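K.L.:
The opening residue of the sequence shown carries number 562 in the working numbering; numbering runs sequentially from there.
No residue lacks a Cβ here, since even glycine has one placed at the ideal position from N, Cα and C.
Just so we're clear, the structure is a prediction, and the values are computed from it rather than from any experiment.
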Amino acid sequence: GSDGKYTSKSTLAFNAINCLDYPMVSDPAGMRAEEQRLEQDSPTFGYFFAYGGVNCADWPYKNLRTPAPVEYRGGSPVVVVGTTGDPATPVDWAASLRKQLGNASLLTWKGEGHTAYGRANSCLEDAVDGYLVSGKVPADNTVC
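Here's what the structure looks like:
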């Protein structure tokens, strides 16, 4: 915010989620080795990503799981929303999740930035609202 303080606690939540959801390299020697490996793949950004585990080095809880396919056993359809220009959660991940869920519909926004709902166009907003309010599932692979 304008007062120099965070407007939400999302950064704290982000750290908690990442430290618990992903196996992180968090020891100094491991991070240096990760840096060398990543810099071969990405000379510009490798260094930056190599030290992501530093936030988890002293995290008081251990990682609870390794990433695995999602198993959905519910009967209600799910709507998965993806954004074509999302740098944090690529639209390919949304498509993969939709496949894993089985009983799901993929709704894609042709836009930039992280997330879509609340900042996309009326096509997407109306489709999500229709699902949340009346249970109307948009046609699979709808692009807005």
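Grouping DSSP H, G and I as helix and E and B as strand, with all else coil, what is K660?
P.N.:
To locate residue 660, count along the sequence shown from 1; it is residue 99. It is helical.
K.L.:
For L599, I'd like the list of residues in its chain whose CB is within less than 6 Å of its CB, leaving aside the five on either flank, ordered along the chain.
P.N.:
As a first step, residue 599 must be located in the sequence shown, where it is residue number 38. Excluding sequence neighbours, L599 sits near G607, F610, A611.
K.L.:
What number of angstroms, rounded off, separates the C-alpha of T650 from the C-alpha of V694?
P.N.:
The residue you call residue 650 lines up with position 89 of the sequence shown. The residue you call residue 694 lines up with position 133 of the sequence shown. Whole-angstrom Cα-Cα distance: 26 Å.
K.L.:
Do you know whose CA, among A629, P638, P699, M592, lies nearest C617's CA?
P.N.:
For this step, residue 617 is matched to residue 56 along the sequence shown. For the residues A629, P638, P699, M592, the minimum Cα distance to C617 belongs to M592.
K.L.:
Are V640 and P699 close, meaning C-beta to C-beta below 8 Å?
P.N.:
For the purposes of this step, residue 640 is identified with residue 79 of the sequence shown, where counting begins at 1. For the purposes of this step, residue 699 is identified with residue 138 of the sequence shown, where counting begins at 1. Yes, Cβ-Cβ distance for V640 and P699 is below 8 Å.
K.L.:
If you scan the segment 627 to 687 from start to end, which runs of the beta strand (DSSP E) of 3 or more residues do you find wholly inside it?
P.N.:
Counting only runs of 3 or more, we get 639 to 646, 665 to 673.
K.L.:
Taking three-plus beta-carbon pairs below 8 Å as touching, is the segment 623 to 633 in contact with the segment 670 to 688?
P.N.:
No, the segment 623 to 633 does not touch the segment 670 to 688.
K.L.:
Measure the alpha-carbon distance for S571 versus I578 and round it to whole angstroms.
P.N.:
Here residue 571 is taken as the residue at index 10 of the sequence shown, counted from 1. Here residue 578 is taken as the residue at index 17 of the sequence shown, counted from 1. When rounded, the distance between both Cα atoms is 10 Å.
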